[in-house]
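Asks:
Number of protein chains: 2
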Amino acid sequence: MPLMRHNPIFFLYCPVYFDQKKVQGFLWIIDKKLLPYFDRNLKTDFMREISKFALKLSEGAGISELMKDLGIGLASAREKGLDLSLMGGGNPAHIPSVEAIFQEIWKDLGSDSNSINQILGDYSNPQGDDSIREQLASYLSVQLKSDISSENIAFTLGSQSAFFLLFNSFAGEFPHGRFKKVLLPITPEYIGYADQGIREDMFTSLPPIVETVSDHRFFYLPDMNRVEDRLKQGDIGAICLSRPTNPSGNVIPWNYIIKMKELASRHSIPFILDNAYGYPFPNILFREPKIQWDPEMIHVLSLSKLGLPGLRTGIIVAKKEIASRISEMTAVMNLAPGNIGPKFLSKLLENDLMNKISRNMIQPYYQEKSIQVQSIIDSLFQKAGIDYTMHESHGALFLWVRFPYHKKNSQDIYKEAKNQGLFLIPGDWFFPGLEETFSHRNECIRLTYSRNLEEVSKGIEILTKILS
Amino acid sequence: MPLMRHNPIFFLYCPVYFDQKKVQGFLWIIDKKLLPYFDRNLKTDFMREISKFALKLSEGAGISELMKDLGIGLASAREKGLDLSLMGGGNPAHIPSVEAIFQEIWKDLGSDSNSINQILGDYSNPQGDDSIREQLASYLSVQLKSDISSENIAFTLGSQSAFFLLFNSFAGEFPHGRFKKVLLPITPEYIGYADQGIREDMFTSLPPIVETVSDHRFFYLPDMNRVEDRLKQGDIGAICLSRPTNPSGNVIPWNYIIKMKELASRHSIPFILDNAYGYPFPNILFREPKIQWDPEMIHVLSLSKLGLPGLRTGIIVAKKEIASRISEMTAVMNLAPGNIGPKFLSKLLENDLMNKISRNMIQPYYQEKSIQVQSIIDSLFQKAGIDYTMHESHGALFLWVRFPYHKKNSQDIYKEAKNQGLFLIPGDWFFPGLEETFSHRNECIRLTYSRNLEEVSKGIEILTKILS
Chain A
1 MPLMRHNPIF FLYCPVYFDQ KKVQGFLWII DKKLLPYFDR NLKTDFMREI
51 SKFALKLSEG AGISELMKDL GIGLASAREK GLDLSLMGGG NPAHIPSVEA
101 IFQEIWKDLG SDSNSINQIL GDYSNPQGDD SIREQLASYL SVQLKSDISS
151 ENIAFTLGSQ SAFFLLFNSF AGEFPHGRFK KVLLPITPEY IGYADQGIRE
201 DMFTSLPPIV ETVSDHRFFY LPDMNRVEDR LKQGDIGAIC LSRPTNPSGN
251 VIPWNYIIKM KELASRHSIP FILDNAYGYP FPNILFREPK IQWDPEMIHV
301 LSLSKLGLPG LRTGIIVAKK EIASRISEMT AVMNLAPGNI GPKFLSKLLE
351 NDLMNKISRN MIQPYYQEKS IQVQSIIDSL FQKAGIDYTM HESHGALFLW
401 VRFPYHKKNS QDIYKEAKNQ GLFLIPGDWF FPGLEETFSH RNECIRLTYS
451 RNLEEVSKGI EILTKILS
Chain B
1 MPLMRHNPIF FLYCPVYFDQ KKVQGFLWII DKKLLPYFDR NLKTDFMREI
51 SKFALKLSEG AGISELMKDL GIGLASAREK GLDLSLMGGG NPAHIPSVEA
101 IFQEIWKDLG SDSNSINQIL GDYSNPQGDD SIREQLASYL SVQLKSDISS
151 ENIAFTLGSQ SAFFLLFNSF AGEFPHGRFK KVLLPITPEY IGYADQGIRE
201 DMFTSLPPIV ETVSDHRFFY LPDMNRVEDR LKQGDIGAIC LSRPTNPSGN
251 VIPWNYIIKM KELASRHSIP FILDNAYGYP FPNILFREPK IQWDPEMIHV
301 LSLSKLGLPG LRTGIIVAKK EIASRISEMT AVMNLAPGNI GPKFLSKLLE
351 NDLMNKISRN MIQPYYQEKS IQVQSIIDSL FQKAGIDYTM HESHGALFLW
401 VRFPYHKKNS QDIYKEAKNQ GLFLIPGDWF FPGLEETFSH RNECIRLTYS
451 RNLEEVSKGI EILTKILS
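Taken in sequence, the protein lines are chains A and B.
Just so you know, we're using this note's numbering here: the first sequence kicks off at 1 and counts up by one.
Just so you know, we're using this note's numbering here: the second sequence kicks off at 1 and counts up by one.
1) List the residues of chain B whose Cβ lies closer than 7 Å to the Cβ of residue 106 of chain A, in chain order.
2) Can you tell me whether residue 366 of chain B is helix, strand or coil according to DSSP?
3) Could you name each continuous beta strand (DSSP E) segment of 3 residues or more that falls completely within the segment 99 to 174 of chain B, going from the start of the chain to the end?
4) Taking the C-alpha atoms as reference points, what is the distance between residue 115 of chain A and residue 313 of chain B?
5) Residue 185 of chain A to residue 262 of chain A, Cα distance in whole Å?
6) Does the segment 200 to 216 of chain A come close enough to the segment 144 to 160 of chain A that 3 or more CB-CB pairs lie under 8 Å?
7) With DSSP as the reference, label residue 199 of chain B as helix, strand or coil.
8) Closest by CA to residue 239 of chain A, which one among A/121, A/85, A/96 and A/257?
9) So, does the segment 398 to 410 of chain A touch the segment 67 to 78 of chain A, judging by three or more C-beta pairs under 8 Å?
10) Quick one: is residue 160 of chain A near chain B, going by C-beta distance under 7 Å?
11) Within 10 angstroms of its Cβ, does residue 305 of chain A collect 16 or more other Cβ (buried), or is it exposed?
12) For the segment 328 to 344 of chain B, list every residue whose C-beta sits within 8 Å of some C-beta in chain A, in sequence order.
13) Grab me the residues of residue 217 of chain A's own chain with a C-beta within less than 8 Å of its C-beta, minus the 5 sequence neighbours each way, in chain order.
14) Can you grab the Cα-Cα spacing for the pair residue 376 of chain B / residue 268 of chain B, in whole Å?
15) Determine contact between the segment 310 to 324 of chain A and the segment 411 to 426 of chain A, defined as no fewer than three beta-carbon pairs at a distance below 8 Å.
16) Taking only beta-carbon positions, decide if residue 283 of chain B is within less than 7 Å of chain A.
17) Chain A beta carbons: is any one of them nearer than 7 Å to that of residue 94 of chain B?
18) For a contact defined as C-beta to C-beta under 7 Å, what are the partners of residue 470 of chain A on chain B?
19) Return the chain-ordered list of same chain residues with a C-beta closer than 8 Å to the C-beta of residue 5 of chain B, the five sequence neighbours on each side being excluded.
20) From this set, A/294, A/315 and A/252, which residue's C-alpha is nearest residue 287 of chain A's C-alpha?
21) Going by DSSP, name the residue or residues bridged to residue 242 of chain B.
22) Which residue marks the beginning of the alpha helix (DSSP H) containing residue 230 of chain B, and which one marks its end?
23) Compute the Euclidean distance between the alpha carbons of residue 344 of chain B and residue 325 of chain B, then round it to the nearest angstrom.
24) Count the other C-beta atoms from every protein chain shown that fall within 10 angstroms of the C-beta of residue 360 of chain B, then say buried if there are 16 or more, exposed otherwise.
25) Can you name, in chain order, every residue of its own chain whose Cβ lies under 8 Å from the Cβ of residue 36 of chain B, other than the five neighbours on each side?
26) What residue does the alpha helix (DSSP H) around residue 347 of chain A start on, and which one ends it?
27) Using a Cβ distance threshold of 8 Å, determine whether the segment 457 to 466 of chain A contacts the segment 107 to 122 of chain A, with at least three qualifying pairs required.
28) What does the alpha-carbon distance come out to for the pair residue 39 of chain B and residue 134 of chain A?
29) List in chain order: all unbroken beta strand (DSSP E) runs of 3+ residues lying wholly within the segment 376 to 435 of chain A.
30) For residue 99 of chain B, return the contacting residues in chain A, with the cut-off set at a CB-CB distance below 9 Å.
31) List, in chain order, every chain A residue whose beta-carbon is nearer than 7 Å to that of residue 195 of chain B.
32) Check whether chain B comes within 7 Å of residue 262 of chain A, counting only Cβ atoms and requiring the distance to be less than that.
33) Which same chain residues end up closer than 6 Å to residue 381 of chain A when comparing Cβ atoms and leaving out the 5 residues on each side of it in sequence?
34) If distances are taken between C-alpha atoms only, which option among B/192, B/348, B/295 and B/352 comes closest to residue 276 of chain B?
35) With a threshold of 16 other CB atoms inside 10 Å of the CB of residue 222 of chain A, please say whether the residue is buried or exposed.
36) By the DSSP assignment, the beta strand (DSSP E) with residue 464 of chain A in it spans what residues?
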């Protein structure tokens, strides 16, 4: 806009009276034609004041800052024409054999005009279609060795949205002025939880016990004594754990889960198990998948890591009272979950297709990838004499690599890698609510191993150079 | 569970000591085999304590209560074998010519395997796909006579979810202890807003001016002096209006909208226009569709009333800062919007298909239906000598009928109708935040006219009997 060329603007410094008080100010003398422009821009400053809710959810210290930084880095790397290794994201892999099945289901749904008209054109029941919930309940009753009915199930618009509802239902402000927190019994833990509280300080967490397996492998275990102690403070409203754990690829042994559930139950709070990568689907698990549901637990499942993140479909398996409350919140906030995700699920449950793809396609695909990428890391890092160790890969899409005595910390590594076209997530982000020091926090990075092997190899080469 | 037959239970009334205090209690003596059952049920009472957030969103006085009552009524009507007239819901009509186009798009999307793999298998950008937002921005720039860029657009998981984010961003608790409300400048207004505040008392509203057109027709207008006065109290964070208005079918004249927008702007607050039934799509408008966007307004659009509620796709058109903040909240709460809705939208925008279906199929379909149903009402009610009047039908799916001097109020009518298989919504629900008496509140009902003509006729016959 050629403001200065044709439309002179002057301003004078002068006293101005406002509410009978003298204030210093500028008097602007502008071309009348410009008034609408100024007027509009001066008046529509209504973003200057937003609620605590919006401030909390849109200015989180966590994800959004990182995402912006990644976005800028990506744009700049593309500008420089760098070969990119995108090992930071959480998108599931594109597995051709699985995609072929999804394409068939899509075609199948489209070929029955009554069914497709209903899928597109009718609002779902807020809890999700009754018959699909019944079908899922029968399937889960077998898989999770428990008596699950359709009333224990609620569909949500993705599991992220399920966690938003669960966390803010069991933590935050309670009647009579009480404030409760979600306890993450072991960190590192999923970055996406961190910003979900509508109030500050809704998460508290504990560092893990580190078990060394060999020179270059370790795994984490929850420190059960500390979990028990922390619960005694009486301010915990729920315990939540992802299994497999994002970012470490940990699968916490079932006896620990049982113990945690019992502790939760003793304090009359729910134990939430984030099953987004877990059993029975997508089954990105390379260890004993033992798992069971009972009414003292809330399981959260998702269709995303199966390869269907575009359908935004999450599933809560919980006591009836919780499932129905979650649905009431879904009704108020979203009217209803979508129809396509549940319909895909229903088709996948027919003829045992769900177990077939989870066990025979998805699980082997990721396991093979994980082994290959670990061996690339071992070979390149050891050749270069890098001091490293990594978490055993029990499941999920990530490798969690630690550089214990390196002079570069995880932020340094992140920045240098970004400048060379390798995108990864520095470990610092995965300790929501941890109030004490824990060395791994600044010594680890999360690498997504599920991209194609060429891209991953190139990324690990860059990493080797940075750390040598 | 045959509890009593094989497993004797006794209980004794006795004193029990708890924390060194004596409390009266029952001592239970039960069969050991029953312990797990009791144990489980006694311990998992963690729903007894839920947060203020959950209490507010799952125990709203509004929708969920009504929905439950409707659900029970429906089950009972079905049990009695009654012919049902479902004139309570907000589901869009199934219009075969439109559905045929949707089926084609579905097939089309499924036939390109690269495209379908991306739609199903990749997370969307939290604000929505860039190229689709650009395409939509070009379309809306023409339709809304304004300069709209992709940065002004954010996709959400349905417009209900957009309103949840907007209301709780511009009203509720603010920094420094301030509390703001959403002003609904005219009631009756959409029932779905009422429960969306995460805090109590987040809405305040005003009664309308009633303009009589003829013996049996009237329409509402906003009382602009009162709107202006109400804003002066300084506690309003946003103004929101649906156009066409659900439930009345009102289309507020554009000069009123301009005036309200100017008032909002003078108070540095946004003016939110709920366009879910409006222009340019789905265009369920039987009056001058004049509309324009500018940065002082937030327009909310939806694909639902076009006939795609199963896709959960809402659209916000707002200043860049607002669109980006909404997306950040979407990222935290939902990770991303879905892919299928935006992709359908994109296909509909190609070859001007969107305007073709909105103007040549959807608009005429509803207008014809509205005229037919009005004429059935006029004919049956007048024949029976019922004292009634109704809001002029300017758009949306509903007729708003008033029985000014009838001894039965809207709740009486609702209950009697329900018992005879006719489902409608009593008018009381459509006055969220109205703190004063307004006679229409208990004298009106909302009838969905978009069901098939036979069903609607049967419903109006029942209504005629109830009111005669």
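By construction, the Cβ of each residue, glycine as well, lies at the ideal position given by its N, Cα and C atoms.
This one's a predicted model, so the numbers in the text were calculated from it and none came from an experiment.
Replies: For this structure:
1) Per Cβ cutoff of 7 Å: 110 and 116.
2) Here residue 366 of chain B sits in helix by DSSP.
3) Here the runs fully enclosed are 153 to 156.
4) Those two C-alpha atoms are separated by around 20 Å.
5) Those two C-alpha atoms are separated by around 14 Å.
6) The segment 144 to 160 of chain A vs the segment 200 to 216 of chain A: no contact.
7) Coil, per DSSP.
8) Ranking the options by Cα distance to residue 239 of chain A, first place goes to A/257.
9) Too few Cβ pairs lie closer than 8 Å, so no.
10) For residue 160 of chain A, a Cβ of chain B is located within less than 7 Å of the residue's own Cβ.
11) A residue is called buried when at least 16 other Cβ atoms come within 10 angstroms of its Cβ; residue 305 of chain A meets this threshold and is buried.
12) Answer in chain order: 328, 329, 331, 332, 333, 334, 335, 336, 337, 338, 339 and 340.
13) So the qualifying residues of the chain are 389, 390, 391 and 392.
14) If I take the Cα positions, the gap works out to 47 Å.
15) No, they do not touch.
16) It does not: the Cβ of residue 283 of chain B has no partner Cβ on chain A nearer than 7 Å.
17) Chain A, which has a Cβ nearer than 7 Å to the Cβ of residue 94 of chain B, makes this yes.
18) Given a span of 1 to 468 for chain A in the structure shown, any question on residue 470 of chain A remains unanswerable.
19) Residue confidence is low: residue 5 of chain B scores 42 on pLDDT, short of 50, so the model does not pin down where it sits. No coordinate-derived value is stated.
20) Comparing Cα positions, the closest option is A/252.
21) DSSP, once it has assigned bridges, lists B/274 as partnering residue 242 of chain B.
22) Annotation for residue 230 of chain B: the continuous alpha helix (DSSP H) segment containing it runs 224 to 232.
23) Counting only the Cα atoms, residue 325 of chain B lies some 25 Å from residue 344 of chain B.
24) The residue in question, residue 360 of chain B, is exposed, as its Cβ has fewer than 16 Cβ neighbours within 10 Å.
25) Bear in mind that the predicted position of residue 36 of chain B carries a pLDDT of just 42, short of 50, making it unreliable; the figure below should be weighed with that in mind. Annotation for residue 36 of chain B: no residue places its beta carbon closer than 8 Å to its own, counting only its chain and skipping 5 residues before and after.
26) Following the DSSP letters along the chain, one finds residue 347 of chain A inside the alpha helix (DSSP H) bounded by residues 340 to 349.
27) The answer is no - the segment 107 to 122 of chain A does not touch the segment 457 to 466 of chain A, with fewer than three Cβ pairs under 8 Å.
28) In this prediction, residue 39 of chain B has a pLDDT of 41, which is less than 50 and means its spatial position is unreliable; what the coordinates show is noted afterwards. Approximately 27 Å between the Cα atoms of the pair.
29) Residue ranges of uninterrupted beta strand (DSSP E) with 3 or more members, entirely inside the segment 376 to 435 of chain A and ordered along the chain, are 389 to 391 and 398 to 402.
30) Chain A residues near residue 99 of chain B: 113, 116, 117, 120 and 121.
31) 332, listed in chain order.
32) Taking 7 Å as the threshold, the shortest C-beta distance from residue 262 of chain A to chain B does not fall below it.
33) Counting only Cβ-Cβ distances below 6 Å, and skipping sequence neighbours, we find 388.
34) Comparing Cα positions, the closest option is B/192.
35) Residue 222 of chain A counts as buried, since at least 16 other C-beta atoms from the protein chains shown sit within 10 angstroms of its C-beta.
36) Where residue 464 of chain A is concerned, there is no enclosing beta strand (DSSP E), although the alpha helix (DSSP H) it sits in stretches over 453 to 467.
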